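Number of protein chains: 2
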Amino acid sequence: VSGAQPARVFTFAGGDAGAWRVVGMTRVLGDPLPEVSRVSVTAGTADAPAKWRLRGITSNERYVTRDEKGQLVAKQQGLGRPESTRAALIPIRKTAAWWALAQDERRRIFEESSRHVRIGLKYLPAVARRLHHCRDLGEGEPFDFLTWFEYAPADAAAFDALVAELRASEEWRWVEREVDIRVVRA
Amino acid sequence: VSGAQPARVFTFAGGDAGAWRVVGMTRVLGDPLPEVSRVSVTAGTADAPAKWRLRGITSNERYVTRDEKGQLVAKQQGLGRPESTRAALIPIRKTAAWWALAQDERRRIFEESSRHVRIGLKYLPAVARRLHHCRDLGEGEPFDFLTWFEYAPADAAAFDALVAELRASEEWRWVEREVDIRVVRA
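Chains A and B, in that order, are what the protein sequence lines are. For the first sequence, the working numbering assigns the number 1 to the initial residue and increments by one for each residue that follows. For the second sequence, the working numbering assigns the number 187 to the initial residue and increments by one for each residue that follows.
This is the structure in structure tokens:
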């Protein structure tokens with residue numbers, strides 16, 4: 001992690017230690033992850049003992065237009081709000097066919113068909129989110145993306161609706177592995 | 187490197203060993219790289235002794251449309267042609283302002299203004315190329331992209347024209363570091 005730059009690499013470790021207590025782990029698609037009781041979220045490439053460790057890096061947007069970005073920035077709030085005692089870690093991997101699509105084809109599925117940004121906007125600022133990319137960290141990453149969401153207990157049903165809307169979209173037909181890990185601040 | 191998948195991570199090492207003999211190193215923008223006499227190109231994260239070592243990973247296209255991808259695939263040829271005894275390694279880094287642009291803004295600069303794909307197409311199949319991404323390998327990478335080009339001696343002037351066209355484009359105003367390393371097969 002270089003001096004003045006914000007951290008970009010984050011490690012999510014599943015085991016019996018960490019600030020987040022696991023209240024549910026669901027295999028949505030493909031292979032599950034081993035069950036754990038706690039999840040820790042650390043800036044950098046932490047390597048404390050854990051049952052599994054997932055790494056991702058924040059990066060530039062890949063699909064969002066200037067107009068959409070403006071709307072997101074205006075409505076979204078950061079992670080770490082005191083009332084956000086619920087969180088979810090949702091690792092996904094997309095198919096090789098997805099990655100072989102051209103940029104305009106992926107954009108059409110992502111937004112014109114699946115309304116990915118539009119859906120996310122509906123749940124702002126209640127659901128804060130940080131997207132981590134894994135696919136270009138190296139060749140052996142088990143997932144392409146790790147998304148971390150934080151929200152208050154009163155917004156738990158809204159969060160369920162958000163993920164249900166996305167899973168019903170055309171974009172999700174290109175997802176081949178997904179695990180849904182729900183946690184509460186310990 | 188996993189079994190059946192093609193390698194995606196490549197290491198370019200500068201030193202006094204390697205299959206490519208350096209015939210010119212030019213600092214185009216920003217900090218130079220230390221002068222070396224040879225460059226090696228290796229699949230994976232090689233760590234043999236070297237004066238400098240640059241790593242990158244091949245990835246999905248970020249800007250190219252289906253139509254453009256079709257034209258590129260139809261015209262391009264692979265690396266390693268026997269007559270391609272000349273090559274160039276051109277590492278570049280773009281500004282933080284570039285990475286803060288939205289996708290549609292970057293696409294407009296990349297193609298509608300700078301004709302990046304259109305320029306590359308003009309020089310196909312003479313100039314073969316492989317693009318490696320570095321920015322999402324981690325936080326400490328010195329460059330964002332490493333592009334490796336191969337061509338025959340008779341196409342050296344055409345290659346010079348290609349890089350001159352790109353450097354004159356709007357896209358290149360967003361480049362803050364660039365080194366141009368020309369090599370011949372040793």
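Heads up, the beta-carbon is just placed ideally off N, CA and C, and yes, glycines get one too. For clarity, every value in this text was computed on a predicted model and none was experimentally measured.
Can you pull the DSSP bridge partners for residue 43(A)? 10(A)
Determine the direct distance from the alpha carbon of residue 322(B) to that of residue 88(A), and round the result to whole angstroms. 23 Å
So with Cβ pairs under 9 Å, would you call residue 233(B) a contact of chain A? no
For a contact defined as C-beta to C-beta under 9 Å, what are the partners of residue 245(B) on chain A? 99, 135, 136
Residue interval of the beta strand (DSSP E) (run including residue 364(B)): 361–371
Quick one: grab the DSSP three-state call for residue 64(A). coil
Which term fits residue 289(B), buried or exposed, when burial requires 16 or more other beta carbons within 10 angstroms of its beta carbon? buried
Closer than 9 Å to chain A by CB, residue 309(B): no
Please confirm if residue 188(B) has its CB atom under 9 Å from at least one CB of chain A. Only weak support exists for where residue 188(B) lies, its pLDDT of 46 falling under 50; the coordinates are left without a value.
Residue 65(A) CB to nearest chain B CB: under 9 Å? yes
Proximal residues of chain A, C-beta to C-beta of residue 407(B) below 8 Å: Lying outside 187 to 372, the shown extent of chain B, residue 407(B) is not represented and no answer is given.
Scan the segment 4–27 of chain A for residues whose Cβ lies nearer than 8 Å to a Cβ of chain B and list them as they occur along the chain. 5, 7, 8, 9
What's the C-alpha gap between residue 155(A) and residue 127(A)? 8 Å
Would you mind working out which of 49(A), 41(A), 63(A) sits nearest residue 79(A), comparing C-alpha positions? 41(A)
Start and end of the alpha helix (DSSP H) containing residue 305(B)? 302–308
Any beta-carbon of chain A closer than 9 Å to the one on residue 288(B)? yes
For residue 170(A), the nearest candidate out of 109(A), 157(A), 121(A) (CA to CA): 109(A)
Could one say the Cβ of residue 261(B) lies closer than 9 Å to chain A's Cβ atoms, at least one of them? no
Could you confirm whether any beta carbon from chain A is found closer than 9 Å to the beta carbon of residue 248(B)? yes
Using DSSP bridges, identify the partner residues of residue 334(B). 275(B), 316(B)
Identity of the residues DSSP links to residue 208(B) by a beta bridge: 369(B)
Using beta carbons (cut-off 9 Å, strictly below), is residue 359(B) in contact with chain A? no
So, does the CB of residue 269(B) fall closer than 9 Å to a CB anywhere in chain A? no
How is residue 28(A) classed by DSSP in three states: helix, strand or coil? strand
Which same chain residues end up closer than 7 Å to residue 305(B) when comparing Cβ atoms and leaving out the 5 residues on each side of it in sequence? 348, 351, 352
In the DSSP assignment, the beta strand (DSSP E) including residue 240(B) goes from what residue to what residue? 238–243
Count the other CB atoms, across all protein chains shown, that sit within 10 Å of the CB of residue 73(A); report buried if there are 16 or more and exposed otherwise. exposed
Specify, as a first and last residue, the run of the alpha helix (DSSP H) that residue 165(A) falls within. 156–167
For residue 299(B), collect the residues of the same chain with a Cβ closer than 8 Å to its Cβ; drop the 5 residues on either side in sequence, then sort them by chain order. 355, 356, 357
Within the continuous alpha helix (DSSP H) that includes residue 106(A), where are the two ends? 103–107
Should residue 254(B) be flagged as near chain A, meaning a C-beta pair shorter than 9 Å? yes
CB-CB length for residue 13(A) against residue 43(A), believed under 8 Å: Residue 13(A) to residue 43(A), Cβ: 12 Å. No contact.
Would you identify the three-state DSSP class for residue 324(B), choosing helix, strand or coil? coil
Helix, strand or coil at residue 70(A) [DSSP, three-state]: helix
Within a Cβ cutoff of 7 Å, which residues of the same chain sit near residue 141(A), ignoring the five residues on either side of it in sequence? 134, 135
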